[in-house]
Amino acid sequence: MKLQIKLQSALLSLAIGMSASVVHAHGVWITSSSSVLSAPQFVTFDAASSSVPFLIDHRPLVIDALSIIAPDGSKVPPVNVMKGELRTVFDAKLEQTGTYRLELVRSGFRANWKDAENKPKRFMGTAEALAKEVPADAKELKVTESISRMENFITVGKPSTLKTTGSGLELVSATHPNDLVVGEPVEFTFLVDGKPTEGVEVEMIRNQTRYRNKLDEKKYKTDKNGKVKVTLQEAGLYWLDADFKDNNVSNKLAKERGLAYVLTLEVLPQ
Amino acid sequence: MRKWVPEFISLPALAPALLPALIAGMFAGQAVAGEINLKVTLPQINSAEYHRPYVAIWIEKPDQTVEKNLAVWYSQKKTDKGEQSDKWLKDLRQWWRKSGRDQAMPLDGVTGATRPVGEQKLSFVEGKSPLGNLPAGQYNVVVESAREKGGRELVRVPFTWPVQKAVTAKSSGQEELGDVVVELKP
Numbered sequence: 030m031k032l033q034i035k036l037q038s039a040l041l042s043l044a045i046g047m048s049a050s051v052v053h054a055h056g057v058w059i060t061s062s063s064s065v066l067s068a069p070q071f072v073t074f075d076a077a078s079s080s081v082p083f084l085i086d087h088r089p090l091v092i093d094a095l096s097i098i099a100p101d102g103s104k105v106p107p108v109n110v111m112k113g114e115l116r117t118v119f120d121a122k123l124e125q126t127g128t129y130r131l132e133l134v135r136s137g138f139r140a141n142w143k144d145a146e147n148k149p150k151r152f153m154g155t156a157e158a159l160a161k162e163v164p165a166d167a168k169e170l171k172v173t174e175s176i177s178r179m180e181n182f183i184t185v186g187k188p189s190t191l192k193t194t195g196s197g198l199e200l201v202s203a204t205h206p207n208d209l210v211v212g213e214p215v216e217f218t219f220l221v222d223g224k225p226t227e228g229v230e231v232e233m234i235r236n237q238t239r240y241r242n243k244l245d246e247k248k249y250k251t252d253k254n255g256k257v258k259v260t261l262q263e264a265g266l267y268w269l270d271a272d273f274k275d276n277n278v279s280n281k282l283a284k285e286r287g288l289a290y291v292l293t294l295e296v297l298p299q
Numbered sequence: 012m013r014k015w016v017p018e019f020i021s022l023p024a025l026a027p028a029l030l031p032a033l034i035a036g037m038f039a040g041q042a043v044a045g046e047i048n049l050k051v052t053l054p055q056i057n058s059a060e061y062h063r064p065y066v067a068i069w070i071e072k073p074d075q076t077v078e079k080n081l082a083v084w085y086s087q088k089k090t091d092k093g094e095q096s097d098k099w100l101k102d103l104r105q106w107w108r109k110s111g112r113d114q115a116m117p118l119d120g121v122t123g124a125t126r127p128v129g130e131q132k133l134s135f136v137e138g139k140s141p142l143g144n145l146p147a148g149q150y151n152v153v154v155e156s157a158r159e160k161g162g163r164e165l166v167r168v169p170f171t172w173p174v175q176k177a178v179t180a181k182s183s184g185q186e187e188l189g190d191v192v193v194e195l196k197p
């Protein structure tokens with residue numbers, strides 16, 4: 030009995046986590062207190078979902094699935110984790126030289142259908158739960174698979190070469206993500222399951238939107254080589270969001286797969 | 012008296028052949044050794060809490076890559092919290108990105124303590140560290156300054172190498188740097 034309650038609450042928290050990351054994919058972000066460091070030290074992070082990137086005005090981000098990966102591949106645990114009403118805060122001690130990768134990868138299924146009495150029903154969760162929760166006689170069933178990846182990079186000393194995993198939507202930057210400078214063109218390649226892919230929709234928004242009247246978002250679409258060329262004309266923190274849909278699903282019930290990728294980039298003045 | 016050649020070599024036998032060559036070599040070296048003399052002025056800045064700036068001085072190629080590091084002035088003492096002194100080196104942003112982070116600090120003959128307000132003189136001789144040998148071409152002397160609780164500024168002074176005749180070039184900063192004078196001597 031107790032176990033069942035625990036399981037249910039675990040599923041519920043997964044569903045809530047997903048609703049933050051997948052449904053409201055536009056507006057989740059993680060920022061770091063520094064992205065370029067010349068000595069090992071603590072870095073502090075904010076993580077939230079909000080109306081506009083980097084404004085703290087909505088909900089804290091669930092960071093259960095967060096990994097902080099050190100240059101040597103080992104994992105650094107987040108410390109001093111505080112889940113506030115509007116944002117999640119955590120610190121990490123970065124002691125190695127090279128590039129640390131923060132990643133928050135989440136995947137799951139979303140289903141909408143009508144039951145025998147034509148009442149709309151919905152579900153969010155894992156593939157196993159999906160099979161149990163959705164009745165065989167569900168009408169107008171629509172199932173979508175979602176994979177979202179959020180990343181942040183922080184470099185201590187000399188940057189390291191970054192590797193991708195080959196699953197979901199990922200980014201390869203010709204310029205190291207901690208090396209971006211105003212006015213220098215950057216080329217991003219977007220990979221779907223490891224392959225450069227055309228038609229990925231990319232959006233970038235610079236921070237401090239509160240202090241200007243235009244959101245000034247920049248939209249791009251990858252070319253046939255999966256590439257996007259960007260020149261950032263202003264220094265600041267940029268939120269990069271990429272989205273792609275295909276039908277490369279891992280479960281037969283789903284017809285469509287939605288992929289999302291979010292990255293925070295710091296662009297320094299010349 | 013200390014001998015300048017290993018004892019097993021017979022000095023009288025070698026000396027007549029070696030000495031003229033050595034002497035000629037010395038003069039030849041002097042005749043072609045170009046010189047770069049820098050005067051970098053750190054301006055007086057009225058501030059409630061003034062800290063001497065961190066300064067990096069280097070020679071860059073036209074593509075803005077670093078050819079030689081000439082000087083880096085920073086505090087090499089540990090902070091009150093016991094933090095490493097290189098914690099703030101990244102604030103010399105351009106230098107850090109282009110060169111600093113690839114080096115192990117401190118750099119022999121390059122790094123040194125921060126300097127006070129006023130004109131700072133530096134002299135670099137061809138063939139000697141840290142200038143060493145510079146291939147012929149167009150270059151900039153770049154001075155980057157970053158100050159705690161203050162600003163950051165870069166000044167570039169272009170020059171051509173090797174030096175044909177003595178020339179002086181100058182650029183000036185607006186806020187964090189004063190005049191940067193480059194004197195070239197053949």
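From first to last, the protein sequence lines stand for chains A and B. Under this note's numbering, the letters of the first sequence match residues 30 to 299, in that order. Under this note's numbering, the letters of the second sequence match residues 12 to 197, in that order. Just so you know, even glycine gets a beta-carbon here, dropped at the ideal spot from N, CA and C. Quick caveat, the model's predicted, so the values are computed rather than measured.
Next item on the list: To the nearest angstrom, report how far apart SER110 of chain B and LEU159 of chain A are at their CA atoms.
Entry: Rounded to the nearest angstrom, the two C-alpha atoms are 53 Å apart.
Notebook entry, point to check: Taking only beta-carbon atoms, is ARG112 of chain B less than 8 Å away from chain A?
Noted result: By this cut-off, ARG112 of chain B is an interface position.
Notebook entry, point to check: Is GLY195 of chain A closer than 8 Å to VAL229 of chain A when the C-beta atoms are compared?
Noted result: No, the pair does not count as a contact, with Cβ atoms beyond the cut-off.
Item checked: Residues sharing a beta bridge with GLU46 of chain B, DSSP -> According to DSSP, GLU46 of chain B bridges with B:VAL136 and B:LYS196.
Margin query: Please tell me whether SER78 of chain A and LEU90 of chain A are closer than 8 Å, where the distance is taken between their beta carbons.
Written below: Closer than 8 Å, so yes.
Next item on the list: May I ask you to list the residues that DSSP assigns as paired with LEU117 of chain A?
Entry: Correcting the residue identity first, residue 117 of chain A is Thr in this sequence and not Leu. Bridge partners of THR117 of chain A: A:ALA76 and A:LYS112.
Next item on the list: Quick one: which unbroken beta strand (DSSP E) runs of 3-plus residues sit fully inside the segment 214–276 of chain A? Chain order, please.
Entry: DSSP runs (the beta strand (DSSP E)) wholly in the segment 214–276 of chain A: 214–221, 230–235, 247–250, 256–260 and 265–275.
Check: Exposed or buried, PRO100 of chain A, counting other C-beta atoms within 10 Å across all chains shown (16 or more means buried)?
Finding: Counting other Cβ atoms within 10 Å of its Cβ, PRO100 of chain A reaches 16 or more and is therefore classed as buried.
Next item on the list: Return the residues of the segment 174–193 of chain A that lie within a Cβ-Cβ distance of less than 7 Å from chain B, sorted by chain order.
Entry: Close to chain B, meaning a Cβ-Cβ distance shorter than 7 Å, are the following residues of the segment 174–193 of chain A: GLY186 and LYS187.
Next item on the list: Would you list the one or two residues that DSSP bridges to ASP190 of chain B?
Entry: DSSP, once it has assigned bridges, lists B:SER183 as partnering ASP190 of chain B.
Checklist line | DSSP bridge partner residues for GLY123 of chain B (one or two, in chain order) | finding: Answer is B:TRP84.
Notebook entry, point to check: Which first and last residues belong to the alpha helix (DSSP H) in which GLN105 of chain B is found?
Noted result: In the DSSP annotation of this structure, the continuous segment of the alpha helix (DSSP H) that includes GLN105 of chain B starts and ends at 104–109.
Note to self: Let me make sure I understand the geometry here. Which of B:PRO169, B:GLN105 and B:PRO54 has the alpha-carbon closest to that of PRO202 of chain B?
What the structure shows: The shown model of chain B, from 12 to 197, leaves out residue 202 of chain B, and the question about it has no answer.
Margin query: Please list, in chain order, the residues of the segment 85–101 of chain B that have any C-beta partner in chain A closer than 9 Å.
Written below: Here the close residues are GLU94, GLN95, SER96, ASP97, LYS98, TRP99, LEU100 and LYS101.
Checklist line | Own chain partners of GLY40 of chain B with C-beta closer than 7 Å, once the 5 adjacent residues on each side are dropped | finding: Low confidence applies to GLY40 of chain B: its pLDDT is 45, below 50, so where it sits in the model is not reliable enough to give any reading.
Notebook entry, point to check: Taking DSSP as the reference, what is the three-state secondary structure of GLU157 of chain A?
Noted result: In this structure, GLU157 of chain A counts as helix in the three-state DSSP scheme.
Item checked: TRP107 of chain B at chain A interface by Cβ criterion, 8 Å -> True, the Cβ-Cβ gap to chain A drops below 8 Å.
Check: With DSSP run on the structure shown, which of helix, strand or coil describes LEU145 of chain B?
Finding: In the structure shown, LEU145 of chain B sits in coil (DSSP, three-state: anything other than H, G, I, E or B).
Next item on the list: Using alpha carbons as the reference points, say which of A:THR218, A:SER279, A:LEU282 and A:ASN181 lies closest to VAL259 of chain A.
Entry: For VAL259 of chain A, the closest of A:THR218, A:SER279, A:LEU282 and A:ASN181 by C-alpha to C-alpha distance is A:THR218.
Note to self: Any beta carbon of chain B sitting closer than 8 Å to that of ASP120 of chain A?
What the structure shows: Judged by the 8 Å Cβ criterion, ASP120 of chain A is not in contact with chain B.
Margin query: I want to know whether the segment 151–171 of chain A touches the segment 193–208 of chain A - three or more CB-CB distances under 8 Å.
Written below: Fewer than three beta-carbon pairs drawn from the segment 151–171 of chain A and the segment 193–208 of chain A are found closer than 8 Å, and the two stretches are therefore not classed as touching.
Notebook entry, point to check: Going along the segment 162–176 of chain B in order, which residues come within less than 9 Å of chain A, judged by CB to CB distance?
Noted result: Going along the segment 162–176 of chain B in chain order, one finds ARG163 and LEU165 with a Cβ nearer than 9 Å to chain A.
Next item on the list: Taking only runs that begin and end inside the segment 132–195 of chain A, name each unbroken alpha helix (DSSP H) of 4 or more residues, in chain order.
Entry: Runs found: 156–162.
Margin query: Three Cβ pairs or more, each shorter than 8 Å: is that satisfied between the segment 60–69 of chain B and the segment 153–164 of chain B?
Written below: Result yes; three or more Cβ-Cβ pairs closer than 8 Å.
Next item on the list: Assign SER96 of chain B to one of three DSSP states: helix, strand, or coil.
Entry: When secondary structure is reduced to three states using DSSP, SER96 of chain B falls in the helix class.
Check: So with Cβ pairs under 8 Å, would you call LEU123 of chain A a contact of chain B?
Finding: The Cβ of LEU123 of chain A sits no closer than 8 Å to any Cβ of chain B.
Checklist line | Short-range partners of chain B found in the segment 68–92 of chain A, where Cβ spacing is below 7 Å | finding: Residues ALA68 and GLN70.
Check: So is LYS101 of chain B buried or exposed if we call it buried at 16+ other beta carbons inside 10 Å?
Finding: Under this definition LYS101 of chain B is a buried residue.
Next item on the list: On a CA-only basis, which of A:VAL110, A:GLU285, A:LEU200 and A:ASN276 is nearest THR251 of chain A? Give me that one, please.
Entry: Answer by Cα proximity: A:LEU200.
Next item on the list: Look at the alpha carbon of PRO298 of chain A and the alpha carbon of MET111 of chain A, and state the distance between them as a whole number of angstroms.
Entry: Between the alpha carbons of PRO298 of chain A and MET111 of chain A lies a gap of roughly 32 Å.
Notebook entry, point to check: Under a three-way DSSP split, which group does LYS160 of chain B fall into?
Noted result: Coil, per DSSP.
Next item on the list: Identify the continuous beta strand (DSSP E) that holds ALA289 of chain A and give its terminal residues.
Entry: Run containing ALA289 of chain A: 285–296, per the beta strand (DSSP E) assignment.
Item checked: Supposed contact pair ARG112 of chain B and LYS187 of chain A - C-beta distance, whole angstroms, cut 8 Å -> Contact between LYS187 of chain A and ARG112 of chain B is confirmed by a C-beta separation of about 5 Å, below the 8 Å threshold.
Notebook entry, point to check: Is LEU95 of chain A closer than 8 Å to LEU66 of chain A when the C-beta atoms are compared?
Noted result: Taking 8 Å as the Cβ cut-off, LEU66 of chain A and LEU95 of chain A do not qualify as a contacting pair.
Check: Under the rule that 16 or more other beta-carbon atoms within 10 Å means buried, what is ASN181 of chain A, buried or exposed?
Finding: By the C-beta density criterion, ASN181 of chain A is buried, having at least 16 other C-beta atoms within 10 angstroms.
Check: How would you list, in chain order, the residues of chain B whose beta-carbon sits under 9 Å from the beta-carbon of LEU288 of chain A?
Finding: By Cβ distance, chain B contributes nothing, its closest Cβ being about 32 Å from LEU288 of chain A, past 9 Å.
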